[in-house]
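Chemist: Position 158, counted from 1, in the sequence shown is what my numbering calls 158; the numbers after and before it change by one each time, with no gaps.
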Amino acid sequence: DKQEELTGTYDPEDVENTDTIKVARYTYEIKETDTIDSLSFGMLTNNRIKGVAPILFTQRDETRFFKYNITSKAQASQVFSGVVTKNRLLNVILGITSSVMAAEEYMVDTSFFVFDLEHIYIDTTTYEPLLICLPVISEERKTQSVQAFFRSLVFTARYDQTENCDYVAKLINYFTFYLYIGITFNQ
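Structure below.
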């Protein structure tokens, strides 16, 4: 059961220059073995879903790509590399939860979201997350549930010791319990 890591790229030099704005992009090359989920792709293309990166399909010769506008965002791995405050962590968790629930209203399959600190982007002024939704069916792609991602995030974060950190144990218990019984967030 060999699974492959997500192999998209974030290249700060892959920018579109306009008069006033540089547009940064995250790019995923669609493999020949990938099948695009037309329902989720259509919903992402035709609707602006809060907290979900806008998707653009491009093709160069036989090579197909999904491109995502991530201008003015930092990778979550950078944001969480230092000490994390309660407000910052909860803003990100609530933002991701709201984005997933909004996407479900548009019938976007939540298994297409990339729950990985390297592929979630954060507005560093508001700490609102921007999710990458990769609407491809691939046996090679590793997926992680939002609950498993949150649990991993809570376990690996370094917390501000000047705050009361009782909330950390509550979050760990919450995510462990819901993972154990298999309840999803929208229930």
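Quick reminder that beta carbons are idealized off the backbone N, C-alpha and C, glycines included.
Quick one: what does DSSP say Y174 is sitting in, helix, strand or coil?
Modeler: Y174: helix per DSSP, three-state reduction.
Chemist: The alpha helix (DSSP H) that contains L134, what's its start and end?
Modeler: Per DSSP, L134 belongs to no alpha helix (DSSP H) and is neither H nor E.
Chemist: Whole-angstrom Cβ separation of L56 and K73, contact assumed at under 8 angstroms?
Modeler: L56 to K73, Cβ: 16 angstroms. No contact.
Chemist: Rounded C-beta distance between V168 and V154? I'm assuming under 8 angstroms.
Modeler: 7 angstroms between Cβ atoms; contact.
Chemist: Applying the 10 Å Cβ sphere with the 16-neighbour rule, what's the burial state of S40?
Modeler: Flag for S40 reads buried.
Chemist: Go ahead and label R151 buried or exposed: buried means 16 or more other beta carbons lie within 10 angstroms of its beta carbon, across all protein chains shown.
Modeler: R151 is buried by the Cβ-count criterion.
Chemist: Return the CA-CA distance between V84 and A102, expressed in angstroms with no decimal places.
Modeler: In a straight line, the C-alpha of V84 is about 26 angstroms away from that of A102.
Chemist: Less than 8 angstroms between the beta carbons of R88 and Y127, yes or no?
Modeler: Contact: yes.
Chemist: Alpha carbons only, please: which of R141, A76 and D61 is nearest the one belonging to A157?
Modeler: Closest by alpha carbon: A76.
Chemist: Which ranges does the beta strand (DSSP E) cover as unbroken runs of at least 3 residues, wholly within the segment 40–125, from first to last along the chain?
Modeler: Segments of the beta strand (DSSP E) lying fully in the segment 40–125: 55–60, 63–69 and 120–122.
Chemist: If you draw a straight line from the alpha carbon of V92 to that of K142, how long is it in whole angstroms?
Modeler: Spanning the two alpha carbons is a distance of roughly 22 angstroms.
Chemist: Per DSSP, what are the beta-bridge partners of R25 in this structure?
Modeler: Answer by DSSP bridge pairing, in chain order: N69.
Chemist: Assuming V114 contacts L134 under a Cβ cut-off of 8 angstroms, what Cβ separation, rounded to an integer in Å, is found between them?
Modeler: That pair is a contact at about 6 angstroms.
Chemist: Could you check what DSSP says for Y159 in three-state terms: helix, strand or coil?
Modeler: Looking at Y159 - three-state DSSP - the assignment turns out to be strand.
Chemist: Excluding the 5 residues preceding and the 5 following D37 in the sequence, name in chain order all residues of the same chain whose CB lies nearer than 8 angstroms to its CB.
Modeler: Only D109, F112, P135, V136 and I137 meet the Cβ criterion.
Chemist: Given this structure, state the Cα-to-Cα distance separating F175 from G82, to the nearest angstrom.
Modeler: Going from the Cα of F175 to the Cα of G82 covers about 22 angstroms.
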